[in-house]
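Below is one structure, written out as C-alpha cells; comments come after it.
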Amino acid sequence: MSSYDTVVIGFPIWWGVAPRIIETFLESYDFSGKTIIPFCTSGGSGVGRSDTALHKNVSGNVKWTKGIQINRPDEAAIKRMLEKGL
Ligand SMILES: Cc1cc2nc3c(=O)[nH]c(=O)nc-3n(C[C@H](O)[C@H](O)[C@H](O)COP(=O)(O)O)c2cc1C
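Residue numbering for the sequence shown follows numbering that gives the first Met the number 0, beginning at 0 and increasing consecutively.
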C-alpha cells in the first residue's frame with residue numbers, strides 16, 4: 000500500500016451501504032497522505048451516505064473524493080470517473 004498515492008475503492012451497495020469487508024479493508028492499512036476515490040455499483044440506489052459512512056474507518060490525513068455511482072460502465076465512463084475523482 001505504501002507504493003500508492005491514490006486508491007480507488009469500488010463496492011456494491013448492500014442494503015444501502017458498503018459491505019462490511021470494505022470497512023475491514025480500510026481499517027487494515029495506513030492511508031495517511033493518500034487520496035481515496037470511492038465508487039459504488041448498485042441495483043439502482045445512489046451512493047447516498049455509503050461513501051461518507053466509510054470515512055470513520057480510516058484515521059490520519061486522508062483526502063476523500065465524493066462517492067460516485069457507476070453501474071455497468073464502459074471504458075469511457077471509467078476514464079471520466081478517474082478524471083473527475085483526481
Ligand atoms: C445482499 C445484497 C443487498 C443489496 N442491496 C442493494 C440495495 O440496497 N440497493 C441497490 O440498489 N442494490 C442492492 N443490491 C444489488 C447490488 O448492489 C448489485 O448486485 C451490485 O452492485 C452488482 O451489480 P450487478 O448485479 O449489476 O453486477 C444488493 C445485493 C445484495 C447481494
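Heads up, the beta-carbon is just placed ideally off N, CA and C, and yes, glycines get one too.
Beta-bridge pairing by DSSP links G9 to F38. DSSP, read as helix, strand or coil, puts I69 in coil. Under the criterion of beta carbons closer than 8 angstroms, T40 and I77 do not qualify as touching, at roughly 12 angstroms.
Per DSSP, reduced to three states, the secondary structure at K62 is strand. Closer than 7 angstroms to some heavy atom of ligand 1: that describes the Cβ of P11.
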